[in-house]
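Novice:
The structure is reproduced here in structure tokens:
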């Protein structure tokens, strides 16, 4: 019987190869479950008029394998299959299902489209009514072989052809450093065209490009004042000829039924003004005028590296409460990021208002934490029957929604919350015997979903929603276990490199926009700037993409070289503006950086840690000179750290949990003092009755620091504490996401009075990485998950845990439970992985590919 085929080939880090931005896309596939380790493969590439086969290639490579044929040219399409051999099979597997890849527009000269938008006068300082643009055209009688739409915008867009929406992504084209990189997407629109008359059109929105965005009420027109579409429809006929419909001066513009729209403000939509046929040949010409055509450097148009933002789930209201004055208050039971879709029926001109908030105070929406983000949508009904509506160019962070003006009673079936985020593939799961820990893990998951909206943001609800570098730096190990986020974060890291200052400074958030005085001018800061070294390494560990590491290495080197200059010959970074252990619960509200830990101790610790990781990256890239240089520098920084911050008795000058967690987790202490530091850390935790005493910097590290120094029980005490501040305290208060502050909601139910009070921040949820590795027991040991350790360390009364991780090689899973005789475990090892197994009461061992059941005294394979 012929062995089963591997998975279909996918390309780069994309699940869809349409419109890929390289002529030499790398290939990945997964060996069939149960097929054993791959020992050879053959790739077949079929392209017009030619089929290329590699022949049998010896080796286990199946992740990001180099393109083995001539490069694709712009628009060229190829069908790729693969078959494999395992050690036990003389014959190859069946061929995989075909995977299709098609190059996008790879050269600037491929573009003829220019930006087009409204030509009427607008006040750039005022709120402006969004435009729609369109073009009528004729498809001649020649049969159509295929049609592709290459599209982007200055602002946001939703396209239609003949009244049918193109694609399903939201907030397209997303947020990049627009002057340097504007993302376009490729759509197959063959089925949307008709013989004869056709119409292509697009709704436009301000978005990040020219909308109001940022602190203190925000800034308008950050990137420009034009709201424009860039679109190129290419119709290829069966005779090989091509018809191109590109945005140019022949297009037309008109105002639409969206009166105002903003990411913070929400959307106002007057359905009385909506013509559902506006993007069809039957549309009225009234109100349409010629567009203003602009210019755009086509060299800055780039193809996506990851998936777009999409609706990934719909949630009905859990409860609906009608207030005495006729409003409806909806509780969806989950703090989420998205918007409402409603089906409403009322007299013409009926106005419905939708407000959103994460929490309630006195049974009313608590909108103070939103600051200047009004998060209010408005719909004016057209009359004449049920009308289905959802905003287009806004998102809100909310659990609760208030509807004013609804005619009569509200049927739960007439409203749903639609969840939006970057549509990443789920890769990690965890659950255990403790329901509260499971809820904590779910909260981490939901906060990641809500804040991975094209870029990794800090929060999704208030007037901020920025790509803070420190937040993702601490959370990247957790994020890259839970989801295949490598394409999205690779794209964002590219923008971090573009925003890096000439001296090597990494901004606090990327893309950079005008900020509060605290963030201006941009100054280098530890933990935040270290995203340049630590996040590429975290992604490399999970996904094994050496080219990603290579691309971002210059950014990390420039960062470390800058800190080396700032620290000087004594190797201590003890000057300048630092955030320290941000949001240490002991910090005063007016200064969240003023915690228990010397901020320069934090800075020097991160300086050593980044330098050591830079040396590791250099070694992986084959740069032995850089590896040696930065290894030496890291040792010099470590020596300086010990000299300045470690006292003779082994305690640190900052006698705080974060200081000890940093020193231990970053390996900054000599062997003789590690245990002293671990013991002191455990004593500090016990002294505070295992309540959290760490902020953004210490929180991701403290459980590991305790675990690695023999204080696993203390780490579990810390995890399972329910008093404020603790990880489980918000769970006791009904939280369904991770909070920004340990006490965003006080024990008496009142809001934290601080100006920063988000109920959806993933940074403090970085403890989930410890849950996956220590409680769940799956740890990535070698880059690309080539080596895995199955090493559960139970405690805290947890009697079982189940963890699953979709590695680049296939499924790794571990279920363990304690029995009177010891631990029983079921382990699945993916193909082509080395598995190290350490279970309590058993000698360390290695396991082969497959599923294994291990008991206290016996093992079996099935």
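Residue numbers (the working numbering): 326 to 1187. Glycine included, C-beta positions come from ideal geometry on N, C-alpha and C.
1) Taking only the alpha-carbon atoms, compute the straight-line gap between residue 896 and residue 768 and give it to the nearest angstrom.
2) Taking the straight line between their C-alpha atoms, what separation do you get for residue 868 and residue 811?
3) State buried or exposed for residue 327, treating a residue as buried only when at least 16 other CB atoms are found within 10 Å of its CB.
4) Suppose the cutoff is 6 angstroms on Cβ atoms and the five residues either side in sequence are ignored; what does the same chain contact list for residue 928 look like?
5) On the three-state DSSP scale, how would you describe residue 678?
6) Short of 6 angstroms in beta carbon distance, which residues of its chain neighbour residue 666, apart from the five on each side in sequence? Order them along the chain.
7) Quick one: what does DSSP say residue 523 is sitting in, helix, strand or coil?
8) Can you find the residues in the same chain that come closer than 6 angstroms, C-beta to C-beta, to residue 944, ignoring five residues on each side of it along the sequence?
9) Tell me whether residue 589 sits in a helix, a strand or coil according to DSSP, three-state version.
10) Look up residue 947 in the DSSP assignment and say whether it is helix, strand or coil.
11) Taking contact to mean 3 or more Cβ pairs, one atom from each stretch, closer than 8 angstroms, check whether the stretch 626–641 and the stretch 496–514 are in contact.
12) For residue 398, name the three-state secondary structure that DSSP assigns.
13) Let me make sure I understand the geometry here. Which of 465, 556, 553 has the alpha-carbon closest to that of residue 518?
14) Less than 6 angstroms between C-beta atoms, sequence neighbours within five positions excluded: which residues of the same chain meet that for residue 839?
15) Only counting the same chain, and skipping five residues up and downstream in sequence, which positions put a Cβ closer than 6 angstroms to that of residue 1015?
16) Do you know how far the Cα of residue 1144 is from the Cα of residue 1125?
17) What is the rounded straight-line gap between the Cα of residue 342 and the Cα of residue 425?
18) Can you have a look at residue 1186 and say buried or exposed, based on whether 16 or more other CB atoms are within 10 angstroms of its CB?
19) Could you round the C-beta distance between residue 467 and residue 513 to whole angstroms and report it? I think they count as a contact, below 8 angstroms.
20) Does the Cβ of residue 1135 have 16 or more other Cβ atoms within 10 Å, making it buried, or fewer, making it exposed?
21) Checking the sheet assignment: what are the DSSP bridge partners for residue 462?
22) Contact check, residue 805 vs residue 864 under 8 angstroms by CB: the rounded distance?
23) Taking 8 angstroms as the cut-off, decide whether the C-beta atoms of residue 724 and residue 656 are in contact.
24) With DSSP as the reference, label residue 652 as helix, strand or coil.
25) Rounded to the nearest angstrom, what separates residue 331 and residue 994 at their Cα positions?
26) Quick test of the definition: if touching needs 3 or more C-beta pairs under 8 angstroms, does the stretch 830–846 touch the stretch 641–657?
27) Please report the straight-line C-alpha distance between residue 620 and residue 476, rounded to a whole angstrom.
28) On the CB-based measure, 16 or more other CB atoms within 10 Å of its CB, does residue 581 come out buried or exposed?
29) Report back the beta-carbon spacing between residue 866 and residue 1155 to the nearest angstrom; my notes put them in contact at under 8 angstroms.
30) When the Cα atoms are used, what is the spatial distance from residue 783 to residue 803?
31) Compare the beta carbon distance of residue 324 and residue 371 with 8 angstroms and say whether it is the shorter of the two.
32) Where are the alpha helix (DSSP H) runs, 4 residues long or more, that stay fully inside the stretch 953–1031, in chain order?
33) Excluding sequence positions up to five away, which residues of its chain have a Cβ less than 7 angstroms from the Cβ of residue 685?
34) Using DSSP bridges, identify the partner residues of residue 713.
35) If I follow the unbroken beta strand (DSSP E) through residue 722, where does it start and stop?
36) Express the C-alpha separation of residue 954 and residue 1181 in angstroms, rounding to a whole number.
Specialist: Quick look at the numbers:
1) 40 angstroms
2) 7 angstroms
3) exposed
4) Excluding sequence neighbours, residue 928 sits near 851, 898, 903.
5) strand
6) 715, 741, 743
7) strand
8) 952
9) coil
10) coil
11) yes
12) Here DSSP, grouped into helix, strand and coil, assigns residue 398 to coil.
13) 465
14) Cβ neighbours of residue 839 beyond the five flanking positions: 539, 544.
15) 1042, 1043, 1046
16) 10 angstroms
17) 6 angstroms
18) Reliability fails at residue 1186, whose pLDDT of 43 lies under 50, so the model's placement of it is uncertain and the value that follows must be treated cautiously. The residue in question, residue 1186, is exposed, as its Cβ has fewer than 16 Cβ neighbours within 10 Å.
19) Contact flag wrong, Cβ pair sits at about 19 angstroms.
20) buried
21) 523
22) 6 angstroms
23) yes
24) coil
25) 47 angstroms
26) With a cut-off of 8 angstroms, the stretch 641–657 and the stretch 830–846 do not count as touching, because too few Cβ pairs lie within range.
27) Spanning the two alpha carbons is a distance of roughly 15 angstroms.
28) buried
29) Residue 866 to residue 1155, Cβ: 16 angstroms. No contact.
30) 15 angstroms
31) Here the chain comprises residues numbered 326 to 1187, so residue 324 is not present and cannot be evaluated.
32) The qualifying runs are 982–990, 996–1012.
33) 691, 725
34) 668
35) 721–729
36) 47 angstroms
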